[in-house]
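Have a look at the structure below, then the notes.
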Amino acid sequence: VSPDVGPSDDARLQWVVAPRFALKQGLEGRLECNDGSVRRGTGLFPKGDWRPLEPAELASVEGKAPGRDGLPSAMDLALFEIPEQLRGEWWAEAERGGEEPAAASSFQGVLGKVVEFLRFKRLPLPERVHLSVAVNAPGLPSTRMERPGVPPGLGLEVPTGDAAASQALACINLGDEASFVVVLEMPLPALAKSLGELPDTAAAASMVSRYLEAFPNQRLLKVRLAPCEGLWLSPLGVVHDGWTMGKQDLDVMLHVGFDAAATLTAEPSPTGVADGR
Amino acid sequence: MDASFGPLELLVVQPTPFCNLDCSYCYLPNRGSKQRMREDTLEQTFRRVAESDLVRGPYTVVWHAGEPLVLPPAYYESAFALAARFSKPGVEVTHSFQTNATLLDEDFCEVIQRHKVRVGVSIDGPAFLHDARRKTRAGKGTHARVIAGMEMLHRRRIPFHVITVLTREALDYPDELYAFYLEQGIEQVGFNVEEIEGPNESSSLSAEDTAQRYRAFMSRFFDLAMDGSKPLKVREFGSMIGAALYAGPERTRPAQEANPFAIVSVDCEGNFSTFSPELLGLPSPTYGDFAIGNVMQHSFAEAAESQRYRAMASDVAAGVSRCKKDCAYFDFCGGGAPANKYFENGSFDSTETLFCRLHRQALAEVVLSKMRRPDAADPRVA
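Chains as they are written, first to last, in my numbering: chain U, 31 to 307; chain R, 15 to 396.
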């Protein structure tokens with residue numbers, strides 16, 4: 031396989047607005063692409079040569095929106111938005127943080143409301159999800175730190191907490207300034223296929239590294255998320271990372287993760303996640 | 015007229031059928047007509063009300079067209095003066111505009127403030143919901159113009175409530191609606207459901223899963239309105255809580271729309287009817303028409319003797335009796351809306367409608383599930 035070949039159309043994730051959400055801004059002006067990734071130390075990181083997508087490129091990445099009563103498909107990267115009120119509640123707790131013994135449960139209460147909201151909107155969340163908030167300084171080309179067994183940089187996992195048990199499913203910008211997420215437009219099974227392997231969530235980190243080393247010029251896309259906006263990542267597994275270069279303010283991102291090994295091997299799930307409906 | 019009629023609670027006056035908008039769910043058949051009610055017709059309307067025995071307490075004159083503000087402010091100055099001339103001493107009469115707010119200007123604000131007119135603005139929430147249904151005749155959205163009207167009301171410190179029509183799509187957006195009301199400084203909201211009436215022969219809410227979605231919407235909106243960062247008064251919750259506290263076999267109030275002459279509706283030609291205001295002006299194979307008289311020729315008492323009124327009243331009463339016998343929610347409702355029964359079921363002498371299933375039954379279930387005895391522990395506190 032030529033290192034310059036991108037994913038075939040049927041292997042490429044498509045960008046949509048999640049059903050039952052109405053965003054102020056569509057895809058236009060939101061996406062940039064680069065010329066791939068580069069190894070630094072133990073991790074692989076996005077190159078910094080970002081440019082806006084041309085109109086034709088934008089049209090090619092835009093997917094067919096799920097119907098009003100539908101769900102994001104397994105091949106969709108879906109944009110959504112939480113109410114400003116919920117973001118405000120998180121900040122109200124953050125400003126009180128540490129002053130009260132009940133702070134942890136208050137945070138859980140707010141984050142629980144976010145999950146309740148996403149479930150009301152019928153985003154196909156598994157029964158159990160992991161929630162974590164990552165705060166990063168401006169000026170970073172990656173927000174995923176190195177942890178035992180997980181290299182820094184581009185990866186499938188949430189950037190905090192128990193990485194082994196938590197594949198990223200969504201992220202939501204809780205900050206006051208736009209935030210950026212970098213993604214590879216292929217889900218884990220397509221990536222495995224390109225390597226001539228079977229998808230293996232247990233060995234996903236190594237598979238991601240081998241793929242990016244094999245295809246260093248595979249373009250990445252960087253999406254801009256305004257405050258309150260979120261990105262639904264396919265439960266099949268999406269290689270991604272944060273990007274805070276050019277920001278002035280702290281980057282505050284809520285990450286929603288799930289136990290992919292347990293969920294994806296389960297019987298057909300009523301949530302629709304297991305079969306990616 | 016004996017005490018079985020009225021008392022009059024709402025006098026719905028249609029000074030013109032014309033509306034400057036063309037909303038997709040509107041039930042008014044002749045909203046393109048620029049006819050307006052003549053002064054002598056208006057005078058005779060108030061005279062008929064004054065001469066009747068229906069006024070036994072305060073009542074509201076609802077100027078509901080078409081769009082009432084397509085007529086100039088001077089029209090209402092004269093109309094309010096006429097109403098005052100015929101009002102009974104000691105009886106409070108409140109005027110009310112239900113408006114799309116696109117034609118509000120400083121002169122109208124003067125009239126509204128001078129006469130303490132209650133204002134209801136029709137807006138369906140954020141632009142993506144509102145503009146999907148509430149359009150100009152050229153098919154353009156009207157949201158920005160309604161917002162401008164509401165901003166004018168705020169600037170002039172004129173209190174108002176809003177009415178939002180819930181379509182199937184809107185049921186997916188309780189948080190967005192709540193945030194919108196808060197952003198716009200709206201403190202009181204009424205939800206109407208998209209109904210099957212007259213020319214609006216189908217409703218987006220007719221789908222099988224609508225009751226479930228309606229319940230989910232109302233449940234979530236209840237929590238937001240009661241526990242959110244700023245409380246919001248919601249007409250439906252208030253009235254259902256009142257009904258739940260008041261309900262009982264001997265205490266159920268008859269539904270206002272099913273109560274003869276509690277509502278009197280008069281169109282721009284002086285034709286009048288009672289029961290649901292939506293009936294007036296719509297054709298009926300059963301009764302020929304729903305108008306039971308004309309203020310220029312008939313008193314309300316004479317109309318109540320007419321064959322048409324008797325047939326309508328008999329059917330409405332029979333429908334209420336059926337509701338009382340068959341419906342577990344009767345104590346929360348009092349017999350439903352005759353217009354919905356007629357246009358959905360083909361007869362006043364019938365029971366359940368889409369309106370009942372959603373705005374009465376599902377709403378009662380939601381509100382009752384949220385209420386608890388005053389001495390009960392808060393289930394949200396561990």
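Ideal placement from N, C-alpha and C gives every residue a C-beta, glycine not left out.
Which one or two residues does DSSP pair with residue i in a beta bridge?
{"i": "R/Arg132", "result": "R/Ser110"}
{"i": "R/Ile277", "result": "R/Leu24"}
{"i": "U/Ile202", "result": "U/Gly260, U/Leu284"}
{"i": "R/Val75", "result": "R/Leu25, R/His109"}
{"i": "R/Asn285", "result": "R/Asn308"}
{"i": "U/Pro217", "result": "U/Val268"}
{"i": "U/His160", "result": "U/Gly287"}
{"i": "R/Gly302", "result": "R/Ser298"}
{"i": "U/Trp273", "result": "U/Phe210"}
{"i": "R/Val248", "result": "R/Val203"}
{"i": "U/Glu111", "result": "U/Glu259"}
{"i": "R/Arg267", "result": "According to DSSP, R/Arg267 bridges with nothing at all."}
{"i": "U/Asn166", "result": "U/Asp281"}
{"i": "U/Lys252", "result": "U/Glu62, U/Val212"}
{"i": "U/Glu187", "result": "U/Gln197"}
{"i": "R/Leu35", "result": "R/Thr150"}
{"i": "U/Arg177", "result": "U/Val180"}
{"i": "R/Asp67", "result": "Bridge partners of R/Asp67: none, in fact."}
Just checking my contact of residue i with residue j at CB under 8 Å: how many whole Å lie between their CB atoms?
{"i": "U/Leu116", "j": "U/Lys143", "result": "6 Å"}
{"i": "R/Asn21", "j": "R/Val69", "result": "For clarity, residue 21 of chain R is Pro in the given sequence; the question names Asn instead. At roughly 7 Å, the Cβ-Cβ gap stays under 8 Å, so R/Pro21 and R/Val69 are in contact."}
{"i": "R/Glu271", "j": "R/Gly204", "result": "At roughly 15 Å, the Cβ-Cβ gap does not stay under 8 Å, so R/Glu271 and R/Gly204 are not in contact."}
{"i": "R/Leu83", "j": "R/Leu118", "result": "6 Å"}
{"i": "R/Val248", "j": "R/Ala239", "result": "5 Å"}
{"i": "U/Leu319", "j": "U/Leu261", "result": "The requested residue 319 of chain U is not part of the displayed model; chain U covers only 31 to 307."}
{"i": "U/Pro156", "j": "U/Phe288", "result": "5 Å"}
{"i": "U/Val145", "j": "U/Val159", "result": "6 Å"}
{"i": "R/Ala351", "j": "R/Ala269", "result": "7 Å"}
{"i": "U/Gln197", "j": "U/Ala89", "result": "About 30 Å separates the two Cβ atoms, so there is no contact after all."}
{"i": "U/Leu263", "j": "U/Met237", "result": "Contact flag wrong, Cβ pair sits at about 17 Å."}
{"i": "U/Val253", "j": "U/Leu61", "result": "6 Å"}
{"i": "U/Val212", "j": "U/Leu266", "result": "Not confirmed; about 18 Å, so no contact."}
{"i": "U/Val180", "j": "U/Met283", "result": "Not quite, the Cβ-Cβ distance comes to about 17 Å (not below 8 Å), so this is no contact."}
{"i": "R/Val330", "j": "R/Val309", "result": "About 22 Å; that fails the 8 Å criterion."}
{"i": "R/Ala353", "j": "R/Pro274", "result": "Actually they do not touch by this definition, with Cβ atoms about 15 Å apart."}
*Given 8 Å as the limit, is there contact between the segment 221 to 239 of chain R and the segment 187 to 196 of chain R, that is, 3 or more CB pairs closer than that?*
Enough Cβ pairs lie closer than 8 Å, so yes.
*Report yes or no: do three or more beta-carbon pairs, one from the segment 46 to 54 of chain U and one from the segment 99 to 110 of chain U, lie closer than 8 Å?*
yes
*Taking a Cβ distance cut-off of 8 Å, strictly less, list which residues of the segment 61 to 86 of chain R are near chain U, in chain order.*
none
_the segment 268 to 278 of chain U touching the segment 165 to 177 of chain U, judged by at least three CB pairs closer than 8 Å_ = yes
_Interface positions of the segment 141 to 162 of chain U facing chain R (Cβ-Cβ less than 9 Å), listed along the chain_ = If the cut-off is 9 Å between Cβ atoms, the segment 141 to 162 of chain U has Glu146, Phe147, Phe150, Lys151, Arg152 near chain R.
*What are the start and end residues of each continuous beta strand (DSSP E) run of 3 or more residues lying completely inside the segment 178 to 228 of chain R, in chain order?*
202 to 207
_Near-chain R residues of the segment 44 to 67 of chain U (beta-carbon distance less than 7 Å), N- to C-terminal order_ = Arg50, Ala52
*chain R contacts from the segment 65 to 89 of chain U (Cβ-Cβ distance under 9 Å)*: none
_If the cut-off is 8 Å on Cβ atoms, which residues from the segment 170 to 194 of chain R count as contacting chain U, listed in chain order?_
Glu183, Asp186, Tyr187, Pro188, Asp189, Glu190, Tyr192, Ala193
*Between the segment 298 to 307 of chain R and the segment 51 to 58 of chain R, do three or more beta carbon pairs fall short of 8 Å?*
no
*Does the segment 317 to 331 of chain R come within contact of the segment 242 to 256 of chain R, defined as at least 3 CB pairs closer than 8 Å?*
no
*Which runs of the alpha helix (DSSP H), 4 residues or longer, sit entirely within the segment 40 to 91 of chain U?*
85 to 91
_To test your reading of the DSSP string, which unbroken alpha helix (DSSP H) runs of 4 or more residues are found completely within the segment 116 to 179 of chain R?_
Counting whole runs of 4 or more residues, the segment 116 to 179 of chain R contains the alpha helix (DSSP H) stretches 120 to 128, 141 to 147, 157 to 169.
*Count the C-beta pairs between the segment 218 to 225 of chain R and the segment 369 to 385 of chain R that are closer than 8 Å, then say yes if the count reaches three, no if not.*
Touching, yes.
*Can you find at least 3 beta carbon pairs, one from the segment 24 to 41 of chain R and one from the segment 201 to 208 of chain U, that sit closer than 8 Å?*
no
*What residues in the segment 142 to 158 of chain R bring their beta carbon closer than 7 Å to a beta carbon of chain U?*
Phe142
*Using a beta-carbon distance cut-off of less than 8 Å, what residues from the segment 128 to 140 of chain R approach chain U?*
For the segment 128 to 140 of chain R, the beta-carbon criterion of a distance under 8 Å to any beta-carbon of chain U is satisfied by Pro140.
*Between the segment 135 to 149 of chain U and the segment 67 to 81 of chain U, do three or more beta carbon pairs fall short of 8 Å?*
Not touching, per the Cβ criterion.
*asked:* At a CB distance below 7 Å, what residues from the segment 92 to 104 of chain U approach chain R? Give them in sequence order.
replied: The segment 92 to 104 of chain U vs chain R, Cβ under 7 Å: Arg98.
*So does the segment 345 to 358 of chain R actually touch the segment 96 to 115 of chain R, counting three or more Cβ pairs closer than 8 Å?*
no
*Where are the alpha helix (DSSP H) runs, 4 residues long or more, that stay fully inside the segment 308 to 359 of chain R, in chain order?*
314 to 318, 321 to 340
*chain R contacts from the segment 211 to 228 of chain U (Cβ-Cβ distance under 7 Å)*: Residues: none.
*Inter-stretch contact at 8 Å, needing at least 3 Cβ pairs: the segment 304 to 318 of chain R / the segment 330 to 339 of chain R*: no
*Would you call the segment 171 to 179 of chain R and the segment 125 to 137 of chain R touching, i.e. three or more CB-CB distances under 8 Å?*
yes
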